[in-house]
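Residues in the sequence shown are numbered consecutively from 8, following the working numbering.
Ideal Cβ positions, reconstructed from N, Cα and C, are used throughout, including at glycine.
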Amino acid sequence: MKSVAPTPPAIEDEDDAPERDSPSTEPVSPVITDSQPHSYASVNLFLLLLATLALAWIGQVFLTGTPPNLLAGGALLTLAGIAFVALSAWIPKHAMADDSGAAPPIVALLDRLPAYYLLFAKALISSGIAFWCTTTPALLPLPALIAWLTSMVFFLAGARFLDLRRERRVEETHWDRREALAVAALTLLALALRMTLIDTLPQNFGGDEGEMGMEARGVLEGRISNPFVTGWLSHPTLWFFLQALSLSVFGNNVFGLRALSALIGAATIPLLYLFARPLFGRGVAFGAAALLAAFHFHIHFSRLGVNNIVDPLLALSAFIAFFTGVRRLSAPALGWTGVICGVAQHFYMGSRLTPVVIAMLVLHLAIVDWQRFRWLAPRLPLIIGGFLLGFGPLIAHFINNPSAFTARLAMVGVVQSGWLEQKLAEGVPLAQIMIDQMRQSFGAYTFVPDRSAWYDPKIALLDSVSAVLLVLGVALALVNWRRSEWFLLLAWLTGAAVLGGMLLVNTPESPRYVTTAPALCVLVTLALQRIVILTEVTFRLTDRRRTLVAIAMVALLAGWNLNFYFRDYIPRRAYGWTNTEIVTKLSHYANAQEAPVYVYMFTPPRIFFGNGTIRFVASGIEGMDVRDPVTDPAQIMPPPDGKRPLFIFLPEREAELSVVQQRFPGGTVERFQGEWEPVVLFIAYTPP
């Protein structure tokens, strides 16, 4: 698993060791210049033509909307017609001119004006149209989405023209066929591990999954039409549009809802390889990708119908773009960095860490590599502008509804929720609170078990062997902190532990750490690589044997993860805990009834009929909550016409079963046992 440059084969003193191809230290090559003036006339004319056609299309959309906007549509179509006639008159004159002096003034201007001016202007116009569309229900969701996506396309194209002749080529090991096939095979394996039996493993179907699924169905049914606002529990609605697409393609059921997460999780594997390969070498890249493909923590969240799994995908995408921009002096890559960070804000709250880490990388460059920072500083507006365009009209929603942006923090923030004040009132010293929060948050990686119902594996995120390797990898990163790629790994883990752990209550909770899965795998693999190198020196191994040792180490760790998840964790049915197991079994039981039923839920205050799992899985079932204890059979209302009653009792309300039997005698009583814990989950009573 020995990597190629830029990673040196052994730890060396930072002041004496030459840093080869490090993003933060390799010398900046002279800017390539062109002595011949470049003409942008043809490009600019073509862009104006595209703008004219876009105006005409948008005008037509306004006219055909419900209700139609005659004023806006007519104005845009008129403007498009005038522009088209003008272009038709200008273009032939420019083409037939014998010399540049014969060209019309407008063409001469376009000949001198760089293309990125028009592209950036069109990006702003398209973004403005997207904001406008969100205020007009008739233009939601498709026109608003198209305008938003178009704004990013124009912006990235403009960034491409900005440094068209300045981008620096970086020498990297070329891909060969075997490498590409190996990465493809690893990706397919990762997809199989995430997609197979995804509708039944995990067996429980979480309430939050069901709530998001119902939001996605709201998109399909037209109840949710704006992708640039927030919905259930202040989650941005764009995710629900993607889930709606998944339901349409894979089926309007649990499989269709979870399939999107499996695809995103599998797509993260090749992205990790693309991220690590130029920074740490092919060996580390493949080892890290293999570990992530089999990482029990990442597999689990790839099999749930929630948006946490998007975090590592977009974080890797942003970091790939940033390092490409810094290493190759590429303005378009910086534009991509900003756009991806902005788009990430449409998903789980953990994605807010990504732009913070990018800012830390910029500050790091300013401290350790002033020459490169001087190139980067005037191009920082590309990152900022891309971020704002990627964020898009969702910004307006958060500005108008600031509580929507901070809603989750108000619930789980140590200060905002009042948790810290309560602890201080109980007499707990502030220093002790901070130390305990730090221990819990950073310990989540190696020794503190997850506390949430989302996973509850009874272990930390890493097994004991991987935890030791992580500590060794962090030690290597601390020694090499001046190099940006190593500093990123430290900032990534630290940022998640602080922003997703120390500053929040009930730490640690696994959903807040999903974004760190790739960083964990890279650090573990870097430690493995160094062990292999030391083994090679000690035992004088050949290249072939060294490779076999590295493969065996990675295979053992991967095998342990797969065995733990599918043979140890899954049979425990721990996901969601007991209440989720109850509503999952209850939903399938109600669906299996031959005749239409009306469900009486003797389950409050612990479980309600409006639970997300019941609403999604048993969507065609009607029912009601019996909130107050029933002591008289006359209190029980008869079911609607054509429906057969079905009564569900939690063990603590079993005493009311006798009252129901007086009202509906002669029925069948069924008791459902927990699969892992030998307790009664619920009792079902079915009258004849």
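By DSSP's assignment, residue 444 forms no beta bridge with any residue.
In this chain, the alpha helix (DSSP H) harbouring residue 566 covers 550-570. Counting C-beta pairs with one atom in each stretch, the segment 298-314 and the segment 210-222 have three or more that are closer than 8 Å, which means they touch. Rounded to the nearest whole angstrom, the CA to CA distance from residue 87 to residue 61 is 8 Å.
In this structure, DSSP gives residue 512 a state outside helix and strand, which the three-state scheme calls coil. Residue 672 holds the alpha-carbon nearest to the alpha-carbon of residue 640 among 672, 83, 680.
Excluding five sequence positions before and after residue 302, the CB atoms of its chain that fall closer than 7 Å to its own CB belong to 524, 528, 568, given in chain order.
For residue 404, the closest C-alpha among the options 244, 687, 347, 316 is that of 244. The straight-line gap separating the alpha-carbon atoms of residue 239 and residue 222 is approximately 7 Å.
According to the DSSP assignment, residue 621 belongs to the alpha helix (DSSP H) that extends over 619-624. Residue range 687-693 is occupied by the beta strand (DSSP E) that includes residue 691. Secondary structure at residue 243: strand, using DSSP grouped into helix, strand and coil. According to the DSSP assignment, residue 608 belongs to the beta strand (DSSP E) that extends over 604-609.
The segment 330-379 is shown to contain whole alpha helix (DSSP H) runs of 4 or more residues at 338-351, 360-375, in chain order. Listed in chain order, the non-local C-beta contacts of residue 367 below 7 Å within the same chain comprise 498, local neighbours out to five positions each way being set aside. By the criterion of a C-beta distance shorter than 6 Å, residue 487 is surrounded in its chain by 493, once the five residues flanking it on both sides are discounted. No residue range can be given for residue 573, since it is assigned to no alpha helix (DSSP H) and is classified by DSSP as neither H nor E. With a beta-carbon spacing of about 5 Å, residue 691 and residue 677 fall inside the 8 Å limit used to define contacts.
The beta-carbon separation of residue 421 and residue 512, rounded to 6 Å, stays under the 8 Å limit for a contact. By the C-beta density criterion, residue 638 is exposed, having fewer than 16 other C-beta atoms within 10 angstroms. Only buried fits residue 533, as 16 or more other CB atoms lie within 10 angstroms of its CB. Beta-carbon to beta-carbon, residue 294 and residue 561 are separated by about 5 Å, close enough to satisfy the 8 Å threshold. Residue pairing by DSSP places residue 150 opposite no residue, since no beta bridge is assigned to it.
For residue 523, there is no enclosing beta strand (DSSP E), since its DSSP letter is neither H nor E. In this structure, residue 338 sits near residue 386, with a CB-CB distance shorter than 8 Å.
Sixteen is the threshold: since fewer than 16 other Cβ atoms of the shown chains lie within 10 Å of the Cβ of residue 472, the residue is exposed. When 149, 165, 186 are compared, the shortest CA-CA separation from residue 226 is found for 149.
Residue 675: not part of any alpha helix (DSSP H); member of the beta strand (DSSP E) spanning 675-680, first to last residue. In the structure shown, residue 585 adopts helical secondary structure according to DSSP, grouped into three states.
In the DSSP assignment, residue 287 falls within the alpha helix (DSSP H) that extends over 261-287. Bridge partners of residue 652 according to DSSP: 605. If you look at residue 632, you'll find it isn't in any alpha helix (DSSP H); it sits in the beta strand (DSSP E) that goes 629-632. Residue 164 holds the alpha-carbon nearest to the alpha-carbon of residue 340 among 68, 688, 575, 164. One thing to note: residue 201 has its Cβ within 8 Å of the Cβ of residue 273. With a cutoff of 8 Å on beta-carbon distance, residue 264 and residue 279 are scored as not near each other. Just measuring C-alpha positions, the residue of 374, 296, 610, 154 sitting nearest residue 398 is 154.
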